Each structure stands twice: as structure tokens, then as C-alpha cells.
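*Asks:* Residue numbers for the sequence shown follow the working numbering, beginning at 7 and rising by one.
I'd like to ask you about the structure that follows.
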Amino acid sequence: MRTAYAATSSKLRILGFHGVEDLERFGVLIDAICDRYQPVGESEVAAALIDGVPLPAHAVWITFDDGLASTFEAGPLLAARHVSATAFVCPRVLDDGGWLWFQAAQAALDRDELIDVDGTPLTLQQLKGMDDVSRRRVHDRIAESLEAQGVESPTPVTTVTLGEWLDMGHTIGNHTWDHPCLDKCSPSSQVDQMRRAHRALAERGFRPRFFAYPNGNWTPEAAAEAEALGYVGSLLFDHRLSSVSGDPHRISRLRIDSDATLDRTLSILSGAHSAAFQVVAR
């Protein structure tokens, strides 16, 4: 792991979290990361992509997907450590709340009620693999069933919360309107998802500069739309270390859980885990 750490000093590590399970444990994890790596924020990454401004050695950028409430609860913890993070949000559930499809699916799965319209049991992976129209049909039925049973949707994040996040030195990015898998959407639907989210954020006074593909699923249509919207870059979820010299709309990112062990976290950050992951993937 030490060899990988030294050999990859020029690489950018972009960590992608989904919420924070335990703030105290997450703080310990962030402290360990900051001891070994140099935190950078969106502005530094943008400067590197646009103007070629060098990043510091062992640079790491902290990001969060989906805009979960627990993400924003970690804002003060990160700011106290001088870490500027980026939260990629889906405006569909901003302020008014509701279910993103994978949240409703997990709630149904927990109740043994994740079934197709014909009554066939489904897995989350099967649902993810459906075309977008079919998946939405299943989602609508699941959401109606959960509501009828009085199952509450996740706590909504508000515009005020996003403003407080920015005031702490963090940033907001586009994660589509309601988190479809873009490779399962029509080209026009992909564009609509991105534009609708961009417009909703702009109307609230936010100016996203980066886009994160839901589930990391890149498409040429989404990449082209990100460029058309003027975004500096777009993030994947391919479990690789990043380079700022390649395609700005195919930037690699490392997926990690907020409760990951220290050893696992450092292995991922060093590049050793990424190399092993790629070998297994082949």
C-alpha cells in the first residue's frame, strides 16, 4: 500500500459517499484522510481542469451523491477541518420531500413487497436494469402502496439547508432531477432530467459547476448535455483514481461508505484497492 501511495501522488482521489451513518465515526475517518492526503474542493479541481493549475500531491476531493439529509448534517464537521465538499442533489425531493426510486424500492424490499406489476418478486439490481418507463411504472405502484400503509418518506432537505451548506464553504452539484439510470432513458429524457435539475437549482440561487451521473452510468448524450450546460466536469463511479488531463466529462471516482474501516479507506485512497478491483472486474 505504501508503494501505491508513493506512485500515485499526482493522481486526484475523488471519494463518493452516500450520506453519513455515524457522525463521530465519520469524523475519525476524515481526520485519518486529512493526515495523509491534501483536501481540495470544487474550485481547485475546476482550476486544474480549465487552466491546468496543478493540484497538490495526494489531493482528495470529498463528494456526496443523492442529497440525503445526513450529508448536510456532516457540513459543520467537514468545515471545521477545512474540507470543502460537494453534494450532488436531485431537486425532485428538495423542500417537498418524497421518494427517490431506490429509496422506495429499499423500503418495499424491507417489507418483502418489492414486486413487479405482474406480482413477480424483484431485486434492486433487476429494477435498476429496467428501461426507465418500466421502472417508473413499478416505482409509482410501490410509492402508492407505501403511502397507503403510512410509511413515511425520508426527511426532506430544504433550500435553506443547501444555503447553509454553501455558507460553510461547500458546494452543490447536479445529480439529475430524480435519479434515473441515464443509460436506460431515451436521449430526450436524459436531456430533460439534467436541464430540469439545473433549472430548479438555478431558480433557488445555486450555480452547479459539476454533474455526477446517477449510479455512475455515463452516456454520450448526458456528457454532451453537461458540456452544453457549461459544466466544468462530470463524475463517474468507476472505482479508479482520477486524472485532470483526460475527458472532463468522464472523471473517475471512488465509491466508499461513511462507515468503512480505516484500513479499507486507506487501501482505496492509495490506489492499491482500485488496481485489485480492476483485475477482478476483468
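For glycine and all other residues, C-beta sits at the position ideal for the given N, C-alpha and C.
Given the structure is predicted, the values throughout are model-derived calculations rather than measurements.
Under the rule that 16 or more other beta-carbon atoms within 10 Å means buried, what is Leu-268, buried or exposed?
*Replies:* Sequence index remark: in the sequence shown, residue 268 carries index 262 (1-based). Exposed.
*Asks:* Looking only at C-alpha atoms, which of Gly-103, His-145, Cys-96 sits nearest to Leu-115?
*Replies:* Your numbering for residue 115 matches position 109 in the sequence shown. When each option's Cα is compared against that of Leu-115, the closest is His-145.
*Asks:* Contact check, Val-163 vs Phe-78 under 8 Å by CB: the rounded distance?
*Replies:* Here residue 163 corresponds to residue number 157 of the sequence shown, with the count starting at 1. Here residue 78 corresponds to residue number 72 of the sequence shown, with the count starting at 1. Contact holds; Cβ gap of about 6 Å.
*Asks:* Starting from the C-beta of Val-26, find all residues in its chain whose C-beta is less than 7 Å away, skip the five residues before and the five after it, and write them out in chain order.
*Replies:* Here the question's residue 26 lines up with position 20 in the sequence shown. Within the same chain, Val-26 has close Cβ partners Phe-32, Ser-76, Thr-77, Glu-79, Ala-80, Ser-264.
*Asks:* So, Gly-239 versus Pro-220, is the Cβ gap smaller than 7 Å?
*Replies:* On the sequence shown, residue 239 is found 233 positions in, with the first residue counted as 1. On the sequence shown, residue 220 is found 214 positions in, with the first residue counted as 1. For Gly-239 and Pro-220, no; Cβs fall outside 7 Å.
*Asks:* For Asp-72 and Ala-12, I'd like the C-alpha separation in whole angstroms.
*Replies:* Within the sequence shown, the letter at position 66 stands for residue 72. Within the sequence shown, the letter at position 6 stands for residue 12. If you take the alpha carbons of Asp-72 and Ala-12, they lie about 33 Å apart.
*Asks:* Mapping the DSSP letters down to three states, classify Phe-70 as helix, strand or coil.
*Replies:* The sequence position of residue 70 within the sequence shown is 64, counting from 1. Note: Phe-70 maps to strand in three-state DSSP.
*Asks:* Which residue comes first and which comes last in the beta strand (DSSP E) that contains Ser-240?
*Replies:* One-based indexing of the sequence shown puts residue 240 at position 234. First-last of the beta strand (DSSP E) with Ser-240: 239-241.
*Asks:* Would you call the segment 54-73 and the segment 133-149 in contact, with 3 or more CB pairs under 8 Å?
*Replies:* These segments do not touch.
*Asks:* Threshold first: 4 residues or longer. Then list the alpha helix (DSSP H) segments lying entirely within the segment 197-269, N to C.
*Replies:* The qualifying runs are 226-234.
*Asks:* What distance in whole Å lies between the Cβ atoms of Gln-155 and Leu-130, which are believed to be in contact at a cut-off of 8 Å?
*Replies:* Residue mapping note: residue 130 aligns to position 124 of the sequence shown, counting from 1. Residue mapping note: residue 155 aligns to position 149 of the sequence shown, counting from 1. At roughly 20 Å, the Cβ-Cβ gap does not stay under 8 Å, so Leu-130 and Gln-155 are not in contact.
*Asks:* Among the residues of its own chain, which have a CB less than 8 Å from the CB of Ala-10, if the five just before and after it don't count?
*Replies:* Reading the sequence shown from its first residue, position 4 is the one you call residue 10. Closer than 8 Å at the Cβ level, and outside the excluded window around Ala-10, lie Ser-276, Gly-277, Ala-278, Ala-281.
*Asks:* Please classify Thr-161: is it buried, with 16 or more other beta-carbons within 10 angstroms of its beta-carbon, or exposed?
*Replies:* Position 155 of the sequence shown, counted from the start, is the residue given in the question as residue 161. It counts as exposed.
*Asks:* Which residue wins for smallest C-alpha separation from Leu-100, given the options Ala-203, Glu-231, Gln-132?
*Replies:* Within the sequence shown, residue 100 is the residue found at index 94, counting from 1. It is Ala-203 whose Cα lies nearest to the Cα of Leu-100.
*Asks:* Ignoring anything shorter than 4 residues, give me the alpha helix (DSSP H) runs that lie fully in the segment 21-95, in order along the chain.
*Replies:* Fully enclosed alpha helix (DSSP H) runs of 4 or longer: 29-42, 48-57, 75-79, 81-86.
*Asks:* Among residues of its own chain, excluding the 5 on either side of Phe-212, which ones have a beta-carbon nearer than 8 Å to its beta-carbon?
*Replies:* Counting from 1 along the sequence shown, the entry for residue 212 is found at position 206. Cβ neighbours of Phe-212 beyond the five flanking positions: Leu-168, Leu-172, Ile-178.
*Asks:* Just list the alpha helix (DSSP H) runs in the segment 83-164, keeping only unbroken ones of 4 residues or longer that don't cross its boundaries, in chain order.
*Replies:* The qualifying runs are 107-116, 130-134, 138-154.
*Asks:* Closer than 8 Å by C-beta to Ala-266: which residues in its own chain qualify, once you throw out the five before and the five after it? Chain order, please.
*Replies:* Here residue 266 refers to the residue found at position 260 of the sequence shown. The residues are Leu-35, Ile-274.
*Asks:* Considering only their Cβ atoms, is the gap separating His-181 from Ala-232 smaller than 7 Å?
*Replies:* What you label residue 232 is simply residue 226 of the sequence shown in a count that begins at 1. What you label residue 181 is simply residue 175 of the sequence shown in a count that begins at 1. Cβ atoms of Ala-232 and His-181: not closer than 7 Å.
*Asks:* Please classify Val-139 as buried or exposed, where buried requires at least 16 other C-beta atoms within 10 Å of its C-beta.
*Replies:* Within the sequence shown, numbered from 1, the residue matching residue 139 stands at position 133. Exposed, by the Cβ-count rule.
*Asks:* With DSSP as the reference, please indicate the residues paired to Gly-179 in a beta bridge.
*Replies:* What you label residue 179 is simply residue 173 of the sequence shown in a count that begins at 1. Paired residue(s): Phe-94.
*Asks:* Measuring CB to CB, does Asp-137 end up less than 7 Å from Leu-128?
*Replies:* Counting from one through the sequence shown, the residue named residue 137 turns up at place 131. Counting from one through the sequence shown, the residue named residue 128 turns up at place 122. No, the pair does not count as a contact, with Cβ atoms beyond the cut-off.
*Asks:* Verify whether the separation of the beta carbon atoms of Leu-235 and His-245 is less than 7 Å.
*Replies:* Along the sequence shown, read from residue 1 onward, the residue named residue 235 stands at position 229. Along the sequence shown, read from residue 1 onward, the residue named residue 245 stands at position 239. No.
*Asks:* Could you check the C-alpha separation between His-176 and Arg-117 for me, to the nearest Å?
*Replies:* Numbered from 1 along the sequence shown, position 170 holds the residue referred to as residue 176. Numbered from 1 along the sequence shown, position 111 holds the residue referred to as residue 117. Looking at the two C-alpha atoms, the distance is approximately 36 Å.
*Asks:* For Glu-50, I'd like the list of residues in its chain whose CB is within less than 7 Å of its CB, leaving aside the five on either flank, ordered along the chain.
*Replies:* Stepping through the sequence shown from its first residue, residue 50 is reached at position 44. So the list reads Leu-61, once near-sequence residues are dropped.
*Asks:* In chain order, what residues of the same chain lie with their CB nearer than 7 Å to the CB of Ala-287, ignoring the 5 residues before and after it?
*Replies:* For this step, residue 287 is matched to residue 281 along the sequence shown. Note that Ala-287 scores a pLDDT of 36, beneath 50, so its modelled location is shaky; the value from the coordinates is reported in the next line. Taken in chain order, the list of residues that qualify is empty.
*Asks:* Can you say whether Gln-284 is buried or exposed, counting buried as having 16 or more other CB atoms within 10 angstroms of its CB?
*Replies:* To locate residue 284, count along the sequence shown from 1; it is residue 278. Because the pLDDT of Gln-284 is 47, which lies under 50, any placement of that residue in the model is unreliable, and the question is left without a value.
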